[in-house]
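What follows is a short report on a single structure.
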Amino acid sequence: MYEQRFDGRKFDELRKIEAEVGVVPNAKGSARFRIGNTEAIAAVYGPDEVKPRHFEKMDRAVLMVKYDMMPFSVPDRAKPGIDRRDMEIAEVLMNALNRAIMVEEFPQMMININVYVTQADAGTRCASLTAASMACADAGLPMRDLVASVAGGKIGDSVVLDLTKEEEDFEGGATDVPMAFLPSKGEILLLQLDGKVSKEDLKKVIELGKEGAQKIYEIEREALKRRFSNESKS
Ligand code: ADP
463 MYEQRFDGRK
473 FDELRKIEAE
483 VGVVPNAKGS
493 ARFRIGNTEA
503 IAAVYGPDEV
513 KPRHFEKMDR
523 AVLMVKYDMM
533 PFSVPDRAKP
543 GIDRRDMEIA
553 EVLMNALNRA
563 IMVEEFPQMM
573 ININVYVTQA
583 DAGTRCASLT
593 AASMACADAG
603 LPMRDLVASV
613 AGGKIGDSVV
623 LDLTKEEEDF
633 EGGATDVPMA
643 FLPSKGEILL
653 LQLDGKVSKE
663 DLKKVIELGK
673 EGAQKIYEIE
683 REALKRRFSN
693 ESKS
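Position one of the sequence shown corresponds to residue 463 (the working numbering), numbered consecutively onward.
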């Protein structure tokens with residue numbers, strides 16, 4: 463039984479969020495997204511010529527996505543460098559971003575999206591995807607919509623939104639469902655499942671995710687608006 467959340471949140475409540483764009487002056491576009499104690503910074507470069515050339519696609523841009531967890535992002539220093547998990551997460555991010563960015567507008571070009579997790583307390587792929595999407599918008603890439611991503615799941619008998627690491631580990635492991643949406647299109651871009659859940663409960667998890675993503679979406683839009691209103695003043 464999990465009746466009271468460790469951090470006192472309601473079951474459908476997101477952690478505290480901070481979002482800002484334009485945090486990396488040397489990138490074409492960038493963003494920082496923080497949700498509780500999980501934080502990701504994304505930097506976007508391009509569109510540029512494809513290197514190496516054999517990755518080139520005649521009908522669209524190629525997205526080169528990198529996900530990296532900083533050694534200091536977790537209590538027991540993460541091993542530096544890219545491991546299998548990092549590669550899998552980069553692939554997951556790339557698949558979602560391919561459907562959000564209008565890649566068909568840049569044939570034979572390459573867009574580099576680098577995401578660094580500075581602090582990890584579960585949900586890093588979701589924070590990374592949200593940060594990457596804001597950074598792409600900041601870079602002025604044409605997009606079908608911003609991506610808003612959050613995890614949901616089941617702890618004991620309770621369906622919950624935005625799990626912490628402590629919650630993920632509760633009683634041998636909760637069910638974790640990372641999700642991503644294109645909110646204004648009503649499309650789901652990512653749905654992963656780690657653990658077991660009934661069809662009925664999965665529907666409830668997705669519903670919670672959708673509501674959470676809508677709140678994240680508003681925060682992303684506010685951050686982008688702030689950036690562009692500051693720019694027009696200077
Ligand atoms: P996500 O971060 O998207 O939830 P995982 O389910 O793979 O992805 O990881 C869950 C959490 O486990 C991470 O957010 C982080 O808090 C922790 N974690 C992942 N990899 C490591 C690692 N190498 N060392 C310590 N903690 C880790």
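Virtual Cβ for every residue (Gly too), placed ideally from N, Cα, C. Keep in mind that this is a model prediction, so the values were computed, not measured.
- Message: Classify Arg606: buried if its beta carbon has 16 or more other beta carbons within 10 angstroms, exposed otherwise.
- Response: Sequence index remark: in the sequence shown, residue 606 carries index 144 (1-based). Label assigned to Arg606: exposed.
- Counted within 10 angstroms of its Cβ, other Cβ atoms place Asn576 as buried (16 or more) or exposed: Reading the sequence shown from its first residue, position 114 is the one you call residue 576. When all chains shown are included, Asn576 counts as buried.
- Please report the Cβ distance between Met571 and Gly508, rounded to the nearest whole angstrom; I am assuming they are in contact, meaning their Cβ atoms lie under 8 Å. Here residue 571 refers to the residue found at position 109 of the sequence shown. Here residue 508 refers to the residue found at position 46 of the sequence shown. Confirmed, Cβ separation roughly 7 Å.
- Is Arg689 buried or exposed, if buried means 16 or more other CB atoms sit within 10 Å of its CB? Looking up residue 689 in the sequence shown gives position 227. The residue in question, Arg689, is buried, as its Cβ has 16 or more Cβ neighbours within 10 Å.
- Query: How many angstroms separate the CA atom of His516 from the CA atom of Ile573?
  - Reply: Indexing the sequence shown from 1 puts residue 516 at position 54. Indexing the sequence shown from 1 puts residue 573 at position 111. Cα-Cα distance, rounded: 15 Å.
- Please classify Glu629: is it buried, with 16 or more other beta-carbons within 10 angstroms of its beta-carbon, or exposed? What you label residue 629 is simply residue 167 of the sequence shown in a count that begins at 1. Buried, by the Cβ-count rule.
- Cβ pair Thr626, Asp656 closer than 8 Å: For the purposes of this step, residue 626 is taken as the residue at position 164 of the sequence shown. For the purposes of this step, residue 656 is taken as the residue at position 194 of the sequence shown. Contact flag unset, no.
- Query: Got a sec? Which residues, its chain only, sit under 7 Å from Ile544 by beta carbon, not counting five neighbours each side?
  - Reply: Locating residue 544 in the sequence shown gives position 82, where the first residue counts as 1. For Ile544, where only same-chain residues beyond five positions count, the Cβ hits under 7 Å are Asp530.
- Task: Determine the burial state of Gly648: buried for a count of at least 16 other Cβ atoms within 10 Å of its Cβ, exposed for fewer.
- Result: Residue numbering aside, residue 648 sits at position 186 when the sequence shown is read from its first letter. Label assigned to Gly648: exposed.
- My guess is that Val621 and Val667 are in contact by the Cβ rule of under 8 Å, so how many angstroms apart are they, rounded? Start at 1 with the first residue of the sequence shown, and residue 621 comes out as number 159. Start at 1 with the first residue of the sequence shown, and residue 667 comes out as number 205. At roughly 6 Å, the Cβ-Cβ gap stays under 8 Å, so Val621 and Val667 are in contact.
- Report yes if the CB atom of Thr445 is closer than 8 Å to the CB atom of Ile503, and no otherwise. What the structure shows of the chain is the stretch from 463 to 696, and residue 445 is not part of that stretch, so it cannot be assessed.
- Message: Closer than 7 Å between the C-beta and any heavy atom of the ligand ADP: which residues qualify, listed along the chain?
- Response: Thr500, Met531, Val536, Asp538, Ala540, Lys541, Arg547, Ile551, Ala582, Asp583, Ala584, Gly585, Thr586, Arg587, Cys588, Ala613, Lys627, Glu630, Asp638, Pro640 and Asp656
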